[in-house]
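Participant: This structure is in structure tokens; I'll ask about it shortly.
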Amino acid sequence: MPDLSHYAEWFSTFQTDIVSFLVSVTVLILYHAHLRSKTRKDPTYTVQTINRTARRLWVETLMNLGKPDVIAVQTLRNSTMAATFLASTAVLLIMGVLTLSSQSQSSAWQVFNTFGANHPELWLFKLLLLLINLFVAFFSFSMSIRVYNHVGFLINVPLSLNHPALTAKHIAAHLNSAGKYYSIGMRTYYYCVPLVFWLFGPQLMVLATLGLVPLLYKHDRAPKVHVTIPRGELDGEIE
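See the structure below:
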């Protein structure tokens, strides 16, 4: 029978950090579950669902015109540049986090850590989570750039060719895919906030998470629409 005393000692050492981490994750999961529930009842509840519909209608309008205008090309270019900038920023942040791996014994990082454990292993685990988060951001923005570039070619194909894989609906799905990758990248940037505060102490991570949720709500909530819109008119997926 395995000796459970070792695990009990390990848990008691990192108890505050484990509980704080689970609380933060649970709060974020509950927030997104609430958001998804609201979106199912009201497709205009979030900015993301409205943006998905706007992108779809934008593609249909441009392709029906026969040729994208300068504003359309500039819009795709701006989206690509924004994703490129944020992907580059993620790389710089990854390099910055790697430089922190040798500072686990620095007392300056533990000034506010009155409840959490002070162990090199825990410090490296915190940095590992932060690195994973930033790598997800980097790959999300990179995929967004890739798909935006594809859309730049696809949207210039005339509908008169009647290619079954190059319809306005198909290209709009590509554009919404790029927007979704971009949104995932932004989410991971937001999640960096509690992870960074965890470096200073578990209680600060919980406070940062509780402060992040109202900001996410303000970011996600769309202005109220006072007209009834059929559910089929809006894409209901939350990015």
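For this note's numbering, count along the sequence shown from 1 and bump the result up by 1387. All residues carry an ideal CB built from backbone N, CA and C; glycine is no exception.
1) Which class does threonine 1433 belong to by DSSP, given the choice of helix, strand or coil?
2) Applying the 10 Å Cβ sphere with the 16-neighbour rule, what's the burial state of proline 1610?
3) Which two residues bound the contiguous alpha helix (DSSP H) that contains histidine 1419?
4) On the three-pair Cβ rule with 8 Å, is the stretch 1546-1556 touching the stretch 1426-1438?
5) Check whether the stretch 1588-1597 and the stretch 1407-1426 touch, using three or more Cβ-Cβ pairs below 8 Å as the test.
6) So for glutamate 1626, helix, strand or coil by DSSP?
7) Distance check for valine 1523 and valine 1414, CA to CA, integer angstroms please.
8) Is it buried or exposed, alanine 1420, if we count other Cβ atoms within 10 angstroms and call 16 or more buried?
9) For the alpha helix (DSSP H) holding proline 1589, just list the boundary residues, first then last.
10) Could you check where the alpha helix (DSSP H) with serine 1564 kicks off and where it finishes?
11) Could you check what DSSP says for lysine 1611 in three-state terms: helix, strand or coil?
12) In chain order, which continuous runs of the alpha helix (DSSP H) of length 4 or greater are located wholly inside the stretch 1451-1492?
13) Please determine if the stretch 1566-1583 and the stretch 1513-1522 are in contact, where contact requires at least 3 C-beta pairs separated by less than 8 Å.
14) With burial defined as no fewer than 16 other Cβ atoms inside 10 Å of the residue's Cβ, what is the status of aspartate 1456: buried or exposed?
15) For asparagine 1536, I'd like the list of residues in its chain whose CB is within less than 8 Å of its CB, leaving aside the five on either flank, ordered along the chain.
16) Please work out which residues of its chain come closer than 6 Å, Cβ to Cβ, to leucine 1546, disregarding the five sequence neighbours upstream and downstream, and give them in chain order.
17) Could you check the C-alpha separation between valine 1460 and arginine 1533 for me, to the nearest Å?
18) Arginine 1443: buried (16+ other C-beta within 10 angstroms of its C-beta) or exposed?
19) For methionine 1573 and threonine 1448, I'd like the C-alpha separation in whole angstroms.
20) For lysine 1567, is the classification buried or exposed, using 16 other Cβ atoms within 10 angstroms of its Cβ as the cut-off for buried?
21) Select from Ala1477, Ala1559, Gly1539 and Val1544 the residue whose C-alpha is nearest the C-alpha of arginine 1464.
Facilitator: Considering the structure as presented:
1) Reduced to three states, the DSSP call for threonine 1433 is strand.
2) exposed
3) 1402-1428
4) no
5) yes
6) Legend: pLDDT at glutamate 1626 = 48, less than 50; position of this residue unreliable, value from coordinates given subsequently. Here glutamate 1626 sits in coil by DSSP.
7) 20 Å
8) exposed
9) 1589-1607 is the span of the alpha helix (DSSP H), which, as asked, contains proline 1589.
10) 1555-1585
11) coil
12) Listed in chain order, the complete alpha helix (DSSP H) runs (minimum 4 residues) inside the stretch 1451-1492 are 1457-1486.
13) Short answer: they touch.
14) Exposed.
15) Thr1467
16) Short of 6 Å from the beta carbon of leucine 1546, and not among the five residues preceding or following it, lie these beta carbons of its own chain, in chain order: Met1450.
17) Rounded to the nearest angstrom, the two C-alpha atoms are 16 Å apart.
18) buried
19) A straight line joining the alpha-carbon of methionine 1573 with that of threonine 1448 spans about 28 Å.
20) Within a 10 Å sphere around the beta-carbon of lysine 1567 sit 16 or more other beta-carbons, which makes this residue buried.
21) Gly1539
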